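Trainee: Dumping the structure here so I can ask a few things about it.
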Amino acid sequence: MGRWEQSFSSAILRGRSLFRRGQMNRDLTEEFQYHLDRKTDELVAAGVPLPEARRAAQIALGGVEQAKEECRDAWGLRWVHELAQDVRYGTRLLRKAPGFTLSAICMLGTAIGAIAFVFSLVDSTLLRPLPFRDPSQLVVLSQQFANQNLSDVPFSAAEVADLREQIKTLADAAAFRHAEFNVVHDDTADRVIAAGVSPNLFDLLGVAPLLGRTFNSADGTREERVVVISETLWRRCFAADSAIVGRQIRLSGRPFIVIGVMPERFRFPLPRYNLRGPVPRAAEIWTPARISPEEMSARSARTFYVVGRLGNNFEVAGLAADLKRLGDEWTNRFPQVYGKKTFPSSASPSTRR
Amino acid sequence: MSKPPDLLQGTLDLLILKMLALEPMHGWAIGRRLKQVSSDVLQVSDGSLYPALHKLEQAGWIKAEWKPSENNRRAKFYSLTRLGRKQLQMEAADWSRLSNAILQVMELKET
Numbered sequence: 034m035g036r037w038e039q040s041f042s043s044a045i046l047r048g049r050s051l052f053r054r055g056q057m058n059r060d061l062t063e064e065f066q067y068h069l070d071r072k073t074d075e076l077v078a079a080g081v082p083l084p085e086a087r088r089a090a091q092i093a094l095g096g097v098e099q100a101k102e103e104c105r106d107a108w109g110l111r112w113v114h115e116l117a118q119d120v121r122y123g124t125r126l127l128r129k130a131p132g133f134t135l136s137a138i139c140m141l142g143t144a145i146g147a148i149a150f151v152f153s154l155v156d157s158t159l160l161r162p163l164p165f166r167d168p169s170q171l172v173v174l175s176q177q178f179a180n181q182n183l184s185d186v187p188f189s190a191a192e193v194a195d196l197r198e199q200i201k202t203l204a205d206a207a208a209f210r211h212a213e214f215n216v217v218h219d220d221t222a223d224r225v226i227a228a229g230v231s232p233n234l235f236d237l238l239g240v241a242p243l244l245g246r247t248f249n250s251a252d253g254t255r256e257e258r259v260v261v262i263s264e265t266l267w268r269r270c271f272a273a274d275s276a277i278v279g280r281q282i283r284l285s286g287r288p289f290i291v292i293g294v295m296p297e298r299f300r301f302p303l304p305r306y307n308l309r310g311p312v313p314r315a316a317e318i319w320t321p322a323r324i325s326p327e328e329m330s331a332r333s334a335r336t337f338y339v340v341g342r343l344g345n346n347f348e349v350a351g352l353a354a355d356l357k358r359l360g361d362e363w364t365n366r367f368p369q370v371y372g373k374k375t376f377p378s379s380a381s382p383s384t385r386r
Numbered sequence: 013m014s015k016p017p018d019l020l021q022g023t024l025d026l027l028i029l030k031m032l033a034l035e036p037m038h039g040w041a042i043g044r045r046l047k048q049v050s051s052d053v054l055q056v057s058d059g060s061l062y063p064a065l066h067k068l069e070q071a072g073w074i075k076a077e078w079k080p081s082e083n084n085r086r087a088k089f090y091s092l093t094r095l096g097r098k099q100l101q102m103e104a105a106d107w108s109r110l111s112n113a114i115l116q117v118m119e120l121k122e123t
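This is the structure we're talking about:
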C-alpha cells in the first residue's frame, strides 16, 4: 500500500473514531460481553454456580468499565502514533535524498542574524545583559540552500577555513558544533551537552575564565585532550574542587585534562544551536574540535555553525556582500558540490513534501 | 513452581502479534492459546489484554472483523496487517537480542 493510500485510509479511520464513536462503543460492549460469557461458561463447567461465575468473570476483567475506558484511551492514541510516524517519515526522506547537498545552489549570508536578536528570541525570559564583549559586533552565520527551502544549514570544516581566510569584513570567525559526553561522578552518570569548538572561540567572544585558561591554537592538535568546563558542571559533578585545573577527568570513558572553568554567566552556544532533546540545554563542556584530514577534504560534511566578529567600521551589509561573493566563488570552483541540479526532482524533499 | 512472573513491559504486544501471525483470533482465544502454548507460565490478565488489542489496532498493526465464532456467536476476530507483520519481525529480533544477552550474562561462572 502506498504512502498516500495509507494516510487516506487512516484518515477514514480517524474520521471513524470521531464520528462513529457510538458504534465503536457498542462494538466494545459486545466484545466484552462475548469474553464475559465465555469466561462464565468455563467457570460453570468447572462447577461454579452461575451468579458467582458471572461475578468472577467481571472481576477477572478488572472491572468492566475500567477495562473499557482503557480501550477508549487507546483509540485516542492514533493521533499521537500518526504524528510520530509522519515525523519519522520526514526525517527518513531527508536522509535518503542525496540532493540535499548536491542539488543546492549555495546562497550564503542572507541568513545572518545579529546574535543579540537570536538571544532575545531564545532567552528573553532571562533578561540579562549578553555575556559577551561588544555583542553588537557578533554575528552567527549559517547558509541557505534556496531551491531546497533549507535554511540554517551548517558549514563544513573546509568552508569554515574559507570563511576565516576570505571574509575581510570579519575580524575573526570561530566554529562550533554539537557534542555530548557521559560524565561519571559519585557513582552516577550524567549525559552532558558539549560543544566542539575552534580554539579561538573564547578569545573571539571575549570572556575570561573563572579558573585556569581557555584554549590556544595548539590545543586541538596535541595528543593530550583538554577541556574547559562550566561553573555549573564544576559544582554539580566535581564538588567545586579548587584544584580542578590540571586534574584528569573522564568524558565518555576518555581521559581529558581540565584546563579551565567558565563563569556561570557564560552561555555558549545559545540553546538554539543545541539541537537534541525536547528542551534545549546549555552546553557545559567545551573541547577543541578535532578535524581529521578526511573531514577537512569532505566539503559537504557540514557540522559547524560559525560565530563571527565584525571588524571595526564594518557593517552587516558589507559582510553580506562578502558572503555572497564567496558563495558565488564556491559555486564556480566546486560545481559538483554546489551546482549540480540534474538529479530527478522526485528525490528532493522540497518537491515531495 | 513459583507464581508466574508478570509480563515485561512491551512483551504482551509481541506475544499478541505472534499469536495473530498464526491465525486470526478473538480476544478470548488469544488468552487461552497463550496459556496453553506456554504450559500455563504466561497468563495475560483479561484486563490488560483488551486495551493492548485496541492499542495495536489503532497503531495499524492488527485489524478487526466481526465473524461467527466456534460457538456460533458473533465475535471480534483480530488479524495481523502487513504493517503488523513488519513490526513483529522487528520486535522479535529485538527480543532475541535481549534474551540472548541476558542468557550470556546468566551463564557467567561464579568463582
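Going line by line, the protein sequences match chains Z and D. In terms of the numbering used here, the first sequence opens at residue 34 and continues consecutively. In terms of the numbering used here, the second sequence opens at residue 13 and continues consecutively. Just so you know, even glycine gets a beta-carbon here, dropped at the ideal spot from N, CA and C. Note that the structure is a prediction, hence the values are computed from the model and not measured.
Classify Met31/D as buried or exposed, calling it buried when 16 or more other Cβ atoms lie within 10 Å of its own Cβ.
Mentor: Flag for Met31/D reads buried.
Trainee: CB Gly360/Z to CB Thr202/Z, shorter than 8 Å?
Mentor: Cβ atoms of Gly360/Z and Thr202/Z: not closer than 8 Å.
Trainee: Starting from the N-terminal side, write out each stretch of the beta strand (DSSP E) that is 3 residues or longer and does not extend beyond the region 45 to 88 of chain D.
Mentor: Complete beta strand (DSSP E) runs here, min 3: 74 to 80.
Trainee: Could you work out which residues of chain D lie near Arg71/Z, taking near to mean beta carbons separated by less than 7 Å?
Mentor: Within chain D, the residues near Arg71/Z are Trp40.
Trainee: At 9 Å on the CB atoms, spell out the chain D contacts of Leu83/Z, in chain order.
Mentor: Simply none; closest approach about 17 Å.
Trainee: Taking only three categories from DSSP, how would you classify Ser275/Z?
Mentor: Here Ser275/Z sits in coil by DSSP.
Trainee: From Asp333/Z to Trp78/D, what distance separates their C-alpha atoms?
Mentor: Looking at the sequence provided, one finds Ser at residue 333/Z rather than Asp. Roughly 56 Å separates the two Cα atoms.
Trainee: How about the region 257 to 265 of chain Z and the region 289 to 296 of chain Z: do they share at least three Cβ pairs that are nearer than 8 Å?
Mentor: These segments touch.
Trainee: Taking Lys98/D as the reference, give the member of Ala76/D, Lys121/D, Gly72/D and Gly43/D with the closest Cα.
Mentor: With distances taken between Cα atoms, Lys98/D lies closest to Gly72/D.
Trainee: Could you name the residues of chain D that Asp60/Z contacts, counting a contact when the two beta carbons are closer than 9 Å?
Mentor: What Asp60/Z touches in chain D: Ala76, Trp78 and Lys88.
Trainee: Leaving aside the five residues before and after Arg87/Z along the sequence, list all residues of the same chain whose C-beta is less than 8 Å from its C-beta, in chain order.
Mentor: Excluding sequence neighbours, Arg87/Z sits near Leu69 and Thr73.
Trainee: Quick one: measure Cβ to Cβ for Asp274/Z and Arg280/Z, integer angstroms, because I've assumed they're closer than 8 Å.
Mentor: Confirmed, about 7 Å.
Trainee: Can you grab the Cα-Cα spacing for the pair Glu327/Z / Ser189/Z, in whole Å?
Mentor: One C-alpha to the other measures close to 12 Å.
Trainee: With DSSP run on the structure shown, which of helix, strand or coil describes Glu213/Z?
Mentor: Strand at Glu213/Z.
Trainee: Kindly indicate which residue of Phe89/D, Asn84/D and Ser51/D has the alpha-carbon position closest to the one of Leu42/D.
Mentor: Here residue 42/D is Ile; the residue named in the question, Leu, does not match the sequence. Checking every option, the nearest Cα to that of Ile42/D belongs to Phe89/D.
Trainee: Using a Cβ cut-off of 9 Å, pull out every chain D residue sitting near Ala25/Z, in sequence order please.
Mentor: Because chain Z in this structure spans residues 34 to 386, residue 25/Z falls outside the shown range and cannot be described.
Trainee: Strictly under 8 Å for the Cβ-Cβ distance: is Arg85/D near chain Z by that measure?
Mentor: Output row for Arg85/D: interface = yes.
Trainee: Determine the chain Z residues that contact Pro36/D at a beta-carbon separation under 8 Å, and present them in chain order.
Mentor: The contacting residues do not exist; Pro36/D stays about 14 Å from chain Z at best.
Trainee: Between Arg255/Z, Phe271/Z, Ala353/Z and Thr221/Z, which lies nearest to Ile324/Z when the distance is taken from Cα to Cα?
Mentor: For the residues Arg255/Z, Phe271/Z, Ala353/Z and Thr221/Z, the minimum Cα distance to Ile324/Z belongs to Arg255/Z.
Trainee: Using a Cβ-Cβ distance cut-off of 8 Å, determine whether Glu103/Z contacts chain D.
Mentor: For Glu103/Z, the answer is yes, since a Cβ of chain D falls inside 8 Å of its Cβ.
Trainee: Is Ala76/D near Glu69/D, with beta carbons less than 8 Å apart?
Mentor: Taking 8 Å as the Cβ cut-off, Ala76/D and Glu69/D qualify as a contacting pair.
Trainee: Does the beta-carbon distance from Cys104/Z to Pro36/D come in below 8 Å?
Mentor: No, the Cβ-Cβ distance between Cys104/Z and Pro36/D is not below 8 Å.
Trainee: Near Ala100/Z, what residues of its chain come up, given a Cβ to Cβ distance below 6 Å and the 5 sequence neighbours on each side ignored?
Mentor: If we look at Ala100/Z and ignore the five residues flanking it on each side, its Cβ neighbours are Leu94.
Trainee: Would you mind reading off the limits of the beta strand (DSSP E) that contains Phe337/Z?
Mentor: Element bounds for Phe337/Z: n/a, residue is neither H nor E.
Trainee: Would Gly341/Z pass as a contact of Ala228/Z if the rule is Cβ separation under 8 Å?
Mentor: Result no, Cβ atoms of Gly341/Z and Ala228/Z do not sit closer than 8 Å.
Trainee: Chain D beta carbons: is any one of them nearer than 8 Å to that of Glu98/Z?
Mentor: No, because no Cβ of chain D sits closer than 8 Å to the Cβ of Glu98/Z.
Trainee: Whose C-beta lies closer than 6 Å to the C-beta of Phe271/Z among residues of the same chain, with five residues either side of it excluded?
Mentor: Excluding sequence neighbours, Phe271/Z sits near Ile277.
Trainee: Ala30/Z: buried (16+ other C-beta within 10 angstroms of its C-beta) or exposed?
Mentor: With chain Z covering 34 to 386 only, the question about residue 30/Z has no answer from this structure.
Trainee: Residues in the same chain with beta-carbon distance under 8 Å from Leu26/D, minus the five sequence neighbours each way, listed in chain order, please.
Mentor: Excluding sequence neighbours, Leu26/D sits near Leu100, Glu103, Ala104 and Trp107.
Trainee: Could you tell me which whole alpha helix (DSSP H) segments of length 4 or greater appear in the region 43 to 103 of chain Z?
Mentor: Within the region 43 to 103 of chain Z, the complete alpha helix (DSSP H) runs of at least 4 residues are 54 to 78 and 83 to 93.
Trainee: Tell me where the beta strand (DSSP E) around Val370/Z begins and ends.
Mentor: First-last for Val370/Z: undefined, no H or E at that position.
Trainee: Taking the C-alpha atoms as reference points, what is the distance between Ala90/Z and Leu61/Z?
Mentor: For Ala90/Z and Leu61/Z, the distance between alpha carbons rounds to 16 Å.
Trainee: Using a Cβ-Cβ distance under 8 Å, would Gln70/D count as near chain Z?
Mentor: Yes, Gln70/D counts as interfacial toward chain Z.
Trainee: By DSSP's criteria, Arg366/Z is part of a beta bridge. Which residues make up the other side?
Mentor: DSSP, once it has assigned bridges, lists no residue as partnering Arg366/Z.
Trainee: I'd like to know whether the C-beta atoms of Val370/Z and Ala208/Z end up nearer to each other than 8 Å.
Mentor: No, Cβ-Cβ distance for Val370/Z and Ala208/Z is not below 8 Å.
Trainee: Let me know the secondary structure DSSP gives Asp167/Z once reduced to three states.
Mentor: Reduced to three states, the DSSP call for Asp167/Z is coil.
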